[in-house]
Amino acid sequence: MKLRAEVLPLLLLLIVCCDGRSLGTSDFPETAAENRGAYEMNRRMCMVCEQFMGQVVEYLKENKTQAEVLEIFHKTCLRLPSFRQQCILLVDYYAPLFFLEIGLVQPEQFCTKVNLCGAKLPVHLPKAEDACSVCEHAIVDVLTKLKDPETQLEIIEVLIKACNKVEQYKQQCKKLVFEYGPLILVNAEKFLETTDVCVTIRACKPSPTETAVE
303 MKLRAEVLPL
313 LLLLIVCCDG
323 RSLGTSDFPE
333 TAAENRGAYE
343 MNRRMCMVCE
353 QFMGQVVEYL
363 KENKTQAEVL
373 EIFHKTCLRL
383 PSFRQQCILL
393 VDYYAPLFFL
403 EIGLVQPEQF
413 CTKVNLCGAK
423 LPVHLPKAED
433 ACSVCEHAIV
443 DVLTKLKDPE
453 TQLEIIEVLI
463 KACNKVEQYK
473 QQCKKLVFEY
483 GPLILVNAEK
493 FLETTDVCVT
503 IRACKPSPTE
513 TAVE
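No gaps in the numbering here: position 23 of the sequence shown is 325 in my numbering, and each next residue is one more.
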């Protein structure tokens, strides 16, 4: 439960620490290829923001105090050294505003207000496939992308898309993504190679050997 409580603020902080407007301006030279990259990054940032903001709302419904939420935020900042400074500045400056806004706006509205979302962008998902195949392909894709430190947000997107394909267990799947988010970001390759995620979320059936062990 403690890990679960720390994951979502971390992911939210990683999202909001970069203002959406900056992604389309100074951070990206004006070339066609990099403009497309900026567009894709903005799209992913918007989707991830809306997903995790919705989960943050659920945590606040559990009656955590502002002090408890701030403590969780600061602890999660310490978990990723490369984002620590931005993360702490974000908590100290924006957290009071966040507490004021969260009861007044929906997650989608909040993400738009902080410039992570603009006009709705179409998200084209693949046609229905076998849930196990979708999950396994997603994990392979994730392991490949882990070689590039710039694709951490894309990793979250891939996992969320895989969850959306496993309709019966969609919420359980998303909770696992939230719970193991820090592990995926800090030591993802080792985690995914040693954990059968697709069996864990019941997208795939365990092998006879695994069933016998259980």
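Yeah, the Cβ is synthetic: ideal placement off N, Cα and C, and Gly gets one too.
Take the Cβ of L406 as the centre, count every other Cβ of all protein chains shown within 10 Å, and call the residue buried at 16 or more, exposed below. Classification for L406: exposed.
If A505 sits next to V460, beta carbons under 8 Å apart, how far is it from one beta carbon to the other, in whole angstroms? Rounded, the Cβ-Cβ distance is 14 Å, inconsistent with contact.
Exposure of K476, with buried meaning 16 or more beta-carbon neighbours within 10 Å: Its Cβ being crowded by 16 or more others within 10 Å, K476 is buried.
Check S435 in the structure and name its three-state DSSP category. The answer is helix: DSSP assigns S435 an H, G or I state.
If you reduce the DSSP assignment to three classes, tell me which class C506 lands in. C506: coil per DSSP, three-state reduction.
Rounded C-alpha distance that separates Q295 from I462: This structure cannot settle anything about residue 295, because the visible part of the chain is limited to 303 through 516.
For the candidate residues R386, C437, L362, A440, whose alpha-carbon lies nearest to that of L402? It is L362.
Enumerate in chain order the residues of its own chain whose CB-to-CB distance from I404 is below 8 Å, with the five nearest sequence positions on each side excluded. Closer than 8 Å at Cβ, skipping near neighbours: V358, V359, L362, F412.
Using the C-alpha atoms, what's the distance from S509 back to T367? Rounded to the nearest angstrom, the two C-alpha atoms are 44 Å apart.
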